[in-house]
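The numbering of the sequence shown is numbering that gives the first Met the number 0, which starts it at 0 and goes up by one.
Every residue, glycine too, gets a C-beta built ideally from N, C-alpha and C.
For reference, the structure is listed below as structure tokens.
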Amino acid sequence: MIGIIGCGASGMLAAIMAARGGCEVTVLEHNDKPGRKLLATGNGHCNLTNEDQSESNFRTDCLSEARKILEQFSKQSILSFFEEIGILTHCKRGYWYPQCDQAAAVVTALEEEMKRLPVHVIYGADVTRITKGKQFTVTATVQGNVNEFSFERLILACGGPAGDHLGQSDFGFRALRSLGIPVMRYRPALVPLELENYDGKSIAGVRMEASVRLHVYDHITDTENSSETSSEPKNLEESGEIVWTDYGISGIPVMQLSRYAAKALDSGREVTVSIRLLPENDTKTIHELVLSRSESPVFSSRNALEGLCGFVPAKLSAWIMKRAGIDPASRMCDVSKDMLLRYAMELDQMTFRVKGLRPYAQAQTTCGGVPLTEIDTGTMEVRFVPGLYITGELLDVDGACGGYNLQWAFACGAVAGRAVAGTQQ
Ligand SMILES: Cc1cc2nc3c(=O)[nH]c(=O)nc-3n(C[C@H](O)[C@H](O)[C@H](O)COP(=O)(O)OP(=O)(O)OC[C@H]3O[C@@H](n4cnc5c(N)ncnc54)[C@H](O)[C@@H]3O)c2cc1C
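Spelled out as structure tokens, the structure:
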């Protein structure tokens, strides 16, 4: 009997592949439905994978091992698998989604495929303990009663704490440590950033295209909390739509940079973000554009808010004016050149120190976890715990935004499921 803990992305793939290979499978899931996190993916549209398969989209300390796993269940295998179970797919600007754009359809198709096969899912089963003797003994509270299950082979597919408002926790990491399996430090990834000396109440919700550069300084500022030396890149830049919030910044470019910020902050280093609101213009052009407003008869008689319109959304402009010392109600011709230059400099580049990351509830995935060197990449089996398999977010791989985390979860699940059934390709 094969046991799987977690009926999420990797757990369902593992269950289907194992059962298709002739195994009887029991899945223990603490929610009352499958794939609760899957339902929330891609804003409910479920970004399954991506056309761009560059390795830099998978972040790990052991890329060569990750590659071996991804090659066994490629992007094309994922698309074909979903087509087989009734989910046609389409590609939008490189991002693959179900044709119907509904994560719910993906979950239903996976659930129906499990029902067709010898897969028994026990919902409302909160696993609290795993021990290893001759077999694996799994303790779970089911409908208020404590039950013990015995499995010859066990696939741990219960994800990390990211999205903890959806019922996630760090149970998997704790259980793995209790079995003597090394777990690297883990942190939220694909998560917004909190900024220092920043009051964004008046601009919360404002969105605009921008470029964001993350800079990691060499000196260690926080020796007490310094945990590891950082070998991460020092300067990283991403562009796209950013969202200003009351605590800092969010949006895809920010989320992409967050795992590097997390690692650098953990190693006690100072991290800043520089935001360029008009990245297509050089500094000189921005300065000229702003200064020309006070000289032009079109703008000089207006108030500052209207005189400086059109560069960024009005709320953001008023906020930047405050930083530059400009009263939005003052007449343009009364605003000093120094103040206008300060406003132009802010448009060109605003730099903030990063205070920290938002909590797991706002994270899409977890970075860190079980090093891939602990796993047989042909099977997902833990090298020194025969019969135990680990998949998905519990492993030290976090993908960029764009479908890479689900791709990783699906690939691991498929490899583990086939391995327990002995049907590896
Ligand atoms: C809001 C949001 C949006 C996202 N959007 C995307 C996207 O569009 N594309 C993409 O590639 N990735 C996306 N991700 C990331 C992606 O969802 C995860 O990386 C992926 O689901 C991880 O798969 P997994 O199988 O490891 O874990 P999960 O899918 O999280 O499944 C784990 C399962 O285990 C169960 N479980 C946990 N603990 C226990 C326990 N103690 N007992 C019993 N059951 C337990 C959970 O309830 C859950 O069903 C998003 C994540 C979030 C939070």
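Ligand 1 approaches His-29 closely enough that one of its heavy atoms is under 7 angstroms from the residue's Cβ.
When the alpha-carbon of Ile-86 is set against those of Glu-70, Ala-104 and Leu-165, the nearest one is in Ala-104.
Shown here, Tyr-185 sits in a strand according to DSSP, grouped into three states.
If you draw a straight line from the Cα of Ala-362 to the Cα of Glu-294, it comes to about 47 angstroms.
Annotation: Gly-412 to Val-120 spans about 16 angstroms, alpha carbon to alpha carbon. Placement of the Cβ of Ile-154 at a distance of 7 angstroms or more from every heavy atom of ligand 1 is found. Excluding sequence positions up to five before and after Trp-318, its CB lies within less than 7 angstroms of the CB of Ser-201 and Ile-202, all in the same chain and listed in chain order.
Within 10 angstroms of the beta-carbon of Ser-300 lie fewer than 16 other beta-carbons, which makes it exposed.
Comparing C-alpha distances from Ile-15 to each of Leu-109, Gly-239, Tyr-246 and Leu-371 shows the shortest one belongs to Leu-109. At least one heavy atom of ligand 1 sits closer than 7 angstroms to the Cβ of Asp-125.
Using a cutoff of 7 angstroms, the CB of Arg-35 counts as near ligand 1, since one of the ligand's heavy atoms is closer than that. Classified as exposed, Gly-377 has fewer than 16 neighbouring CB atoms from the shown chains inside 10 Å of its CB. By the Cβ rule, the stretch 316-331 does not count as touching the stretch 153-169, because fewer than three pairs are nearer than 8 angstroms. In this structure Gly-20 is not in contact with Thr-364, their Cβ atoms being roughly 28 angstroms apart against a cut-off of 8 angstroms. Per DSSP, Cys-332 has no beta bridge partner at all.
Taking all protein chains in view, the Cβ of Ser-9 is crowded by 16 or more other Cβ atoms within 10 Å, so the residue is classified as buried. A distance below 6 angstroms between beta-carbons, with the five flanking residues on each side excluded, links Ile-84 to the following residues of its chain, in chain order: Ala-108 and Glu-112. Thr-127 sits in a strand when the DSSP states are folded into three classes. Taken from the Cβ of Glu-392, at least one heavy atom of ligand 1 lies inside 7 angstroms.
With a cutoff of 7 angstroms, Ile-15 does not count as near ligand 1, since its C-beta is closer than that to no heavy atom of the ligand.
Residue nearest to Met-183 within the set Leu-194, Gln-255, Gly-171 and Glu-193 is Gly-171 (criterion: CA-CA distance).
Beta-bridge partners of Glu-147 (DSSP): Thr-138.
A buried status is given to Thr-25, since no fewer than 16 other beta-carbon atoms sit within 10 Å of its beta-carbon.
For ligand 1, no non-hydrogen atom lies closer than 7 angstroms to the CB of Leu-290. Rounded to the nearest angstrom, the gap between the Cα atoms of Phe-310 and Val-272 is 21 angstroms.
Taking a C-beta distance under 8 angstroms as the contact criterion, Ile-248 and Leu-346 do not qualify as a contact pair.
For Ile-84, no beta strand (DSSP E) segment is defined, and its DSSP state is neither H nor E.
The beta carbon of Val-190 lies closer than 6 angstroms to those of Ser-257, Leu-356, Arg-357, Gln-361 and Ala-362 in the same chain, with the five residues before and after it left out. In this structure, DSSP gives Ala-203 a state outside helix and strand, which the three-state scheme calls coil. Excluding five sequence positions before and after Lys-321, none of the CB atoms of its chain fall closer than 6 angstroms to its own CB. Remark: the shortest separation between the CB of Gln-101 and any heavy atom of ligand 1 does not fall under 7 angstroms. By DSSP's assignment, Met-349 forms a beta bridge with Ile-274. Going by beta carbons, Val-270 and Val-211 fall outside the 8 angstroms limit.
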